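Colleague: Protein chains in written order, with the numbering used here: chain Y, 1 to 250; chain A, 251 to 500; chain F, 501 to 750; chain R, 751 to 1000.
1) Between the alpha carbons of residue 188 of chain Y and residue 800 of chain R, how many angstroms are there, rounded?
2) For residue 867 of chain R, which residues from the same chain have a beta carbon less than 8 Å from its beta carbon, with the 5 sequence-adjacent residues on both sides left out?
3) Closer than 7 Å by beta-carbon distance: list the chain Y residues that pair up with residue 377 of chain A, in chain order.
4) For residue 3 of chain Y, collect the residues of the same chain with a Cβ closer than 6 Å to its Cβ; drop the 5 residues on either side in sequence, then sort them by chain order.
5) Nearest CA to the CA of residue 746 of chain F: which residue from F/673, F/520, F/716?
6) Looking only at its own chain, which residues have a Cβ that is under 7 Å from the Cβ of residue 406 of chain A, when we skip the five neighbours before and after it?
7) Does chain A have any CB closer than 8 Å to the CB of residue 745 of chain F?
8) Using the beta-carbon count (16 or more within 10 Å), is residue 615 of chain F buried or exposed?
9) Would you identify the three-state DSSP class for residue 716 of chain F, choosing helix, strand or coil?
10) Mapping DSSP to helix, strand and coil, what is residue 612 of chain F?
11) Look up residue 441 of chain A in the DSSP assignment and give the residues it is bridged to.
12) Is residue 445 of chain A closer than 8 Å to residue 372 of chain A when the C-beta atoms are compared?
13) Could you tell me which chain A residues have their CB closer than 7 Å to the CB of residue 653 of chain F, listed as they occur along the chain?
14) Going by the DSSP bridge assignment, what does residue 282 of chain A pair with across the sheet?
15) Please tell me whether residue 639 of chain F has its Cβ less than 8 Å away from any Cβ of chain A.
16) Give a yes or no on whether the minimum CB-CB distance between residue 183 of chain Y and chain R is below 8 Å.
17) What's the call for residue 288 of chain A, buried or exposed, on a 16-neighbour Cβ count within 10 Å?
18) DSSP three-state label for residue 918 of chain R, please.
19) Measuring only between beta-carbons, confirm whether residue 816 of chain R sits less than 8 Å from chain F.
20) State buried or exposed for residue 808 of chain R, treating a residue as buried only when at least 16 other CB atoms are found within 10 Å of its CB.
21) Does the segment 471-478 of chain A come within contact of the segment 512-528 of chain F, defined as at least 3 CB pairs closer than 8 Å?
22) Within the same chain, show all residues whose beta-carbon is closer than 7 Å to that of residue 329 of chain A, passing over the 5 residues directly before and after it, in chain order.
23) In the DSSP assignment, what are the bridge partners of residue 198 of chain Y?
24) Starting from residue 328 of chain A, trace the alpha helix (DSSP H) both ways and give me its first and last residue.
25) For residue 191 of chain Y and chain D, any beta-carbon pair shorter than 8 Å?
26) Would you call the CB atoms of residue 904 of chain R and residue 921 of chain R closer than 8 Å?
27) Taking 8 Å as the CB-CB limit, is residue 922 of chain R close to chain Y?
28) Would you tell me roughly how many angstroms separate the C-alpha atoms of residue 204 of chain Y and residue 104 of chain Y, rounded to the nearest one?
29) Should residue 488 of chain A be flagged as near chain Y, meaning a C-beta pair shorter than 8 Å?
30) Please list, in chain order, the chain A residues whose beta carbon lies closer than 9 Å to that of residue 94 of chain Y.
31) Looking at the strands, I want to know which residues DSSP matches up with residue 334 of chain A.
32) DSSP state of residue 589 of chain F, grouped into three classes?
33) Do residue 321 of chain A and residue 285 of chain A have their CB atoms nearer than 8 Å?
34) Can you tell me whether residue 14 of chain Y sits near the ligand FMN, meaning its C-beta is under 7 Å from at least one heavy atom of the ligand?
35) Determine the DSSP secondary structure at residue 768 of chain R, reduced to helix, strand or coil.
36) Can you check whether the CB of residue 128 of chain Y is closer than 8 Å to the CB of residue 69 of chain Y?
Right under this line is the structure:
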């Protein structure tokens, strides 16, 4: 499949896991823009994609910051002029932060981090990308899509995950609202509940999955599911899918 | 039933609807503290309760403000010294604000209002009241309780309710986390999904329920359900109930 | 409170737990009819209620059998002529049967037992009691109610509970359908998710709750919640509540 | 892609919609067996697949009948000896039957039809195919899969759909139980909530979707999603997806 010269994809939140794999997968069809707060997070994968004869650009921006995000889209316009947006992935996961604590030990800063990354971030990102996706309804090779990375905490609160779950569940329902509003206008908004740890070298934060590598989710498998969501026919959109290792108890 | 001289109840968020009715209902058993941002919101019901021979005090405080809330609890210690907390109701509903708008017309201030009132507010309130409720596990006439007022938007996003739903769903899962953490320690955290408009004089914001008064929920009926939740035996706690008019489609 | 001389309540499925306690609780307000497959199941509680100066009658009938159920209501007409039905409780729990087995060891008879007790039974019972409850909308001291006893398996399948969960979840959604159809006509249909073992002498079937009695639900507490559901104002019906011991993980 | 000479797929419940399209899609990779109660339902699609140089066989059997289903699998052994089962689709939808009636007009036969087709049928089919799928864990080109066709009624009861919803929701939780039991053994059990009418010539039963063809789901799009589910990597199984037309309100 040739890489499109009319449409691009953007991935907000790139690290060694889902964001990287999604960028690689979508780069088979589109030039991809990678957003991360630090060039360290994207530079290797940008190089890897470009070396493979496909196209990627990295932009340093905090996607949860309204002004920074606007500036990023101005940069995109200059870097890949004339291209329209076909797919946007919101993959910012502020989960690894040390906010897995009993409720009475949490500070309001812990809460802020979760809400900013999960809800404000998707809000800002949505306000930037949805007008662009709407412009692509005619012409895009697949229905223009916004795909959001959720987690078990998106549907379930628990003892040590209170502020993370508050942020993830608010994010999930925001994505659902966007699906209900923009689906009928031709934009596909989907939410993926990633129920398990990602198989990346430093994945130490999710104790349930310690032990055998069998218990981790391949980020490439997540990327494949995101690509599938993007290519669904408009007569059969999925709003939500769950993804977990075969061995995971749920 | 005599009003307790050892335990009190607090209602955060008092207006003409649920907060007022809950304060009246709980005042049959406990002195009640009413919190609202403006004395206008509580002064009539405080007077009404005190005139009836029971006890109420009103405190002006923004419960979503950490410092203001701490100051409020200092005031409570002075006003009703020695009393312990048996029940706390979080009823702050920033819903009536004009944020029922298409997503692309919303500002990040609209989002802030929802998150502040729904999530930050419950977070702060929870951090203040849960240590007090834990101290009451021994001795309280009923299991010490934190009851949170939710809404349809707590479980469902929709076109015009995106930021409200983001806040309410985050709040709901925060309450669920608190239930899972503090239930085993004897504190009952319950969440009520109020699925309909409240029957108060100025209830004009919920168009589905325009028309006959039959379609509105009596705030006294909500208060009765909150009282029931508070008095549930510790062997049979409800974490969540829904409440809607018999005539409501759902 | 005097026992009504115009309205009665019926409990289908009486054993040592929820059914017995519900019958006792509702007998404070209404004459109660107890249905069970064997007189052994109800005779002691019928005697206990009648000895207390209230009124109970026991009828031997398999409520999952259409003809037997019709005959039972004929008997009721003769035994308590002129009384109208205010509350009906469907509490048949075929759960304790030895169908907690790996899927490939189950027989289709195991499935039949679950579907018959959970779905056919509620279907038949609903067809018998709903016309009677509709006749009571005018005049009943509280909104006429049908209350259904559910379980954790009503919302969740699992390895050893497949056929039980199939039956309970079908029952739950049937109850939800009835709530949506008959709520607007004034009949309150509610479903209670009992998430834990009941504290009865022979409660050995629920291994999670072995050990301390603290982990069991008091059937009296369940009965109190059923009474509360029955007495809810028609402007604030609950369709579903969960009930679990404070100490239960969920 | 060459058609496998080692593994086959089976589709139970073939009509003009999902079953036919799924058989066509899976025939690109596997010989397919089509089960239906009448040869009329499968003969055209069997001919179409075979004419295209791929392989299909049709078997007349009522998959909800235990003995008939066993006989069908004996026939399969003879017709395609040595082949192992890679994918099984349970697509029997007894929904179009005239059971969309107010509850009090339903007969227990209406209920039986729903439970038989939805729950007994999946139970029998599961008991037949799961042992075969377990044998294919080693060697199958994709994780051996059982995919179940659900509907809106699988998660929601309503006025006119009470018996259908009872059957579909029981079926859904049965599928979930199977996923929890057999996922860790390497078999992928997935449930698809088809939320809308299927675009087939005679699709008249779903009034919400009358009018423009835009409001119908393409059965080919459903088949594509089923194929995607079958090919998911074992580190990232989806247990449930929803599928609806972009224009559908939900």
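C-beta atoms are modelled at their ideal positions from N, C-alpha and C, and glycine is treated no differently.
The structure presented is a predicted model; accordingly, all values stated were derived computationally and were not measured.
Modeller: Well, looking at it:
1) The sequence position of residue 188 of chain Y within the first chain is 188, counting from 1. The sequence position of residue 800 of chain R within the fourth chain is 50, counting from 1. For residue 188 of chain Y and residue 800 of chain R, the gap between their C-alpha atoms comes out near 36 Å.
2) For the purposes of this step, residue 867 of chain R is taken as the residue at position 117 of the fourth chain. In its chain, beyond the 5 residues on either side, 814, 842, 843, 844, 917 have a beta carbon closer than 8 Å to the beta carbon of residue 867 of chain R.
3) Mapped onto the second chain, residue 377 of chain A falls at position 127. Under the 7 Å cutoff, chain Y gives 104.
4) Working through the first chain from its first residue, we reach residue 3 of chain Y at position 3. Cβ neighbours of residue 3 of chain Y beyond the five flanking positions: 54.
5) The sequence position of residue 746 of chain F within the third chain is 246, counting from 1. Selected option, being the one with the closest Cα: F/716.
6) Within the second chain, numbered from 1, the residue matching residue 406 of chain A stands at position 156. Contacts found: 415.
7) Locating residue 745 of chain F in the third chain gives position 245, where the first residue counts as 1. The beta carbon of residue 745 of chain F sits closer than 8 Å to some beta carbon of chain A.
8) Position 115 of the third chain, counted from the start, is the residue given in the question as residue 615 of chain F. With a 10 Å radius around the Cβ and a threshold of 16 neighbouring Cβ atoms, residue 615 of chain F comes out buried.
9) Position 216 of the third chain, counted from the start, is the residue given in the question as residue 716 of chain F. Three-state result, residue 716 of chain F: coil.
10) As a working mapping, residue 612 of chain F is identified with position 112 in the third chain. Helix at residue 612 of chain F.
11) Stepping through the second chain from its first residue, residue 441 of chain A is reached at position 191. DSSP output for residue 441 of chain A lists A/398, A/490 as bridge partner(s).
12) What you label residue 372 of chain A is simply residue 122 of the second chain in a count that begins at 1. What you label residue 445 of chain A is simply residue 195 of the second chain in a count that begins at 1. Not closer than 8 Å, so no.
13) Locating residue 653 of chain F in the third chain gives position 153, where the first residue counts as 1. The contacting residues do not exist; residue 653 of chain F stays about 17 Å from chain A at best.
14) The sequence position of residue 282 of chain A within the second chain is 32, counting from 1. Per the DSSP secondary-structure output, residue 282 of chain A pairs in a beta bridge with A/259, A/306.
15) Sequence index remark: in the third chain, residue 639 of chain F carries index 139 (1-based). By this cut-off, residue 639 of chain F is not an interface position.
16) Locating residue 183 of chain Y in the first chain gives position 183, where the first residue counts as 1. Output row for residue 183 of chain Y: interface = yes.
17) Taking the second chain and counting its residues from 1, one reaches residue 288 of chain A at position 38. Taking a 10 Å sphere around the C-beta of residue 288 of chain A, we find fewer than 16 other C-beta atoms and assign the residue as exposed.
18) Counted from its first residue, the fourth chain places residue 918 of chain R at position 168. DSSP places residue 918 of chain R in helix when its eight states are reduced to three.
19) On the fourth chain, residue 816 of chain R is found 66 positions in, with the first residue counted as 1. By the rule that beta-carbons nearer than 8 Å mark a contact, residue 816 of chain R touches chain F.
20) Along the fourth chain, read from residue 1 onward, the residue named residue 808 of chain R stands at position 58. Buried: at least 16 other Cβ atoms inside 10 Å.
21) Fewer than three Cβ pairs drawn from the segment 471-478 of chain A and the segment 512-528 of chain F lie within less than 8 Å of each other, which leaves the two stretches out of contact.
22) On the second chain, position 79 is the one that residue 329 of chain A refers to. So the list reads 307, once near-sequence residues are dropped.
23) For this step, residue 198 of chain Y is matched to residue 198 along the first chain. Partner(s): Y/217.
24) Walking along the second chain from the start, residue 328 of chain A turns up at place 78. That run of the alpha helix (DSSP H) goes 316-329.
25) The question asks about chain D, but that chain is absent: this structure's protein chains are Y, A, F and R.
26) Residue mapping note: residue 904 of chain R aligns to position 154 of the fourth chain, counting from 1. Residue mapping note: residue 921 of chain R aligns to position 171 of the fourth chain, counting from 1. In this structure, residue 921 of chain R lies closer than 8 Å to residue 904 of chain R by Cβ.
27) As a working mapping, residue 922 of chain R is identified with position 172 in the fourth chain. Under the Cβ distance rule, residue 922 of chain R does not count among the residues neighbouring chain Y, no pair being separated by less than 8 Å.
28) The residue labelled residue 204 of chain Y in the question sits at position 204 within the first chain. The residue labelled residue 104 of chain Y in the question sits at position 104 within the first chain. Any reading at residue 204 of chain Y must be qualified, since the residue scores a pLDDT of 44, below 50, and its modelled position is unreliable; the value itself is stated next. So the two alpha carbons sit approximately 24 Å from each other.
29) Taking the second chain and counting its residues from 1, the one referred to as residue 488 of chain A is at position 238. Not an interface residue.
30) Taking the first residue of the first chain as 1, we reach residue 94 of chain Y at position 94. Result: empty, since nearest Cβ-Cβ is about 14 Å, beyond 9 Å.
31) Locating residue 334 of chain A in the second chain gives position 84, where the first residue counts as 1. Note: residue 334 of chain A sits in a beta bridge opposite A/257.
32) Residue 589 of chain F sits at position 89 when you count from the first residue of the third chain. DSSP places residue 589 of chain F in strand when its eight states are reduced to three.
33) Along the second chain, read from residue 1 onward, the residue named residue 321 of chain A stands at position 71. Along the second chain, read from residue 1 onward, the residue named residue 285 of chain A stands at position 35. No, these two residues do not count as a Cβ contact at 8 Å.
34) Annotation note on the ligand FMN: not contained in the displayed structure, which lists no ligands.
35) Here residue 768 of chain R is taken as the residue at index 18 of the fourth chain, counted from 1. For residue 768 of chain R, the three-state secondary structure derived from DSSP is helix.
36) Within the first chain, residue 69 of chain Y is the residue found at index 69, counting from 1. Within the first chain, residue 128 of chain Y is the residue found at index 128, counting from 1. Contact flag set, yes.
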